[in-house]
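J.: Adding 2 to a residue's 1-based position in the sequence shown gives its number in the working numbering. Beta carbons are placed, not taken as given, at the ideal position from N, Cα and C, and that holds for glycine. Source: prediction; values computed, not measured.
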Amino acid sequence: MDMKRAFYIGRFQPFHLGHYSVITSIAKEVDELIIGIGSAQRTHESNNPFTAGERVMMIRHALEDIDVHFYALPIDDIQQNPIWVSYVTSRTPPFDTAYTNNPLVIELFEEAGISVKQPPMYHREQHSGTEIRRRMLADEEWKHLVPDAVADVIDEIDGVRRLKRVSGTDGFDY
Ligand SMILES: Nc1ncnc2c1ncn2[C@@H]1O[C@H](COP(=O)(O)OP(=O)(O)OP(=O)(O)O)[C@@H](O)[C@H]1O
Ligand SMILES: NC(=O)c1ccc[n+]([C@@H]2O[C@H](COP(=O)(O)O)[C@@H](O)[C@H]2O)c1
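1. Who are the near neighbours of Arg57 in its chain, counting only those whose CB is closer than 7 Å to its CB and skipping five residues on each side?
2. As a quick exercise: from Lys119, Ala8, Met5 and Gly12, pick the residue whose alpha carbon is nearest that of Ser130.
3. Taking the alpha helix (DSSP H) that Lys166 belongs to, which residues open and close that run?
4. Looking at Pro96 and Arg7, is the spacing between their C-beta atoms short of 8 Å?
5. Compute the Euclidean distance between the alpha carbons of His46 and Arg136, then round it to the nearest angstrom.
6. May I ask you to check if the CB of Thr99 is nearer than 7 Å to at least one heavy atom of ligand 2?
7. What do you reckon, are the CB atoms on Val162 and Met60 nearer than 8 Å?
8. Examine ligand 2 and report whether any of its heavy atoms sits within less than 7 Å of the Cβ of Gln43.
9. Does the beta-carbon of Ala100 have 16 or more other beta-carbons within 10 angstroms, so that it is buried, or is it exposed?
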């Protein structure tokens, strides 16, 4: 059987409803989906507060009921853009299409001859990792912007407290 497999990469800091909406629409088009958790080595930073393992948990729980077979695979950054596509494909199942809106990622995949689709943006003003982290730091509402299961994971790991600490806004002097 000819399997249609797609690749979707993001940092997922955290995984939010914009990502969820992209994945539910890709799920209708493919048999299997590879979700690349990018910048996997980055964690405990203001722009990247969560570990690769915590992001695996968010995705696994958020997609509990989704109707597509998926793999969530952490992918570290490397220093050389020209070999990044080979590096990615050397650690993922084979795929036909990459879904991304990241201009560098589009360029690298297209140069490597892999077809790219750009998913439409879902209420981008609020559904962005940057905006959600901003709200967490400001003690504003953010849970409605992520799947319930992701809010539970972030509570379990005390993620907002960590974000505040690594962003230096918890009142402590270092
Ligand atoms: N609201 C959204 N709707 C559709 N696609 C989105 C949305 N937000 C992000 N994406 C796409 O998902 C992929 C992964 O995004 P990423 O993990 O960088 O999230 P982000 O919200 O852009 O994060 P950050 O603000 O932390 O950079 C990118 O291709 C990005 O364009
Ligand atoms: N040279 C590299 O390591 C390289 C190149 C292009 C993209 N990436 C990664 O791919 C991911 C792209 O995801 P975003 O679209 O969420 O930015 C990021 O984690 C980014 O660091 C890495």
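T.: This is what the structure gives:
1. As a first step, residue 57 is located in the sequence shown; it is residue number 55 there, counting from the start. Hits under 7 Å: Phe14, Phe17 and Ile39.
2. Here residue 130 corresponds to residue number 128 of the sequence shown, with the count starting at 1. Sorting Lys119, Ala8, Met5 and Gly12 by C-alpha distance to the C-alpha of Ser130 places Gly12 at the top.
3. The residue labelled residue 166 in the question sits at position 164 within the sequence shown. Residues Gly161 to Val168.
4. Stepping through the sequence shown from its first residue, residue 7 is reached at position 5. Stepping through the sequence shown from its first residue, residue 96 is reached at position 94. For Arg7 and Pro96, yes; Cβs fall inside 8 Å.
5. Mapped onto the sequence shown, residue 46 falls at position 44. Mapped onto the sequence shown, residue 136 falls at position 134. The straight-line gap from Cα to Cα measures roughly 15 Å.
6. Taking the sequence shown and counting its residues from 1, the one referred to as residue 99 is at position 97. Not under cutoff, so the answer is no.
7. Here residue 162 is taken as the residue at index 160 of the sequence shown, counted from 1. Here residue 60 is taken as the residue at index 58 of the sequence shown, counted from 1. For the pair Val162 and Met60, the CB atoms are not nearer than the 8 Å cut-off.
8. Translated into the one-based positions of the sequence shown, residue 43 becomes position 41. For ligand 2, not one heavy atom lies less than 7 Å from the Cβ of Gln43.
9. Locating residue 100 in the sequence shown gives position 98, counting from the first residue. By the neighbour-count rule (16 or more Cβ atoms within 10 Å), Ala100 is buried.
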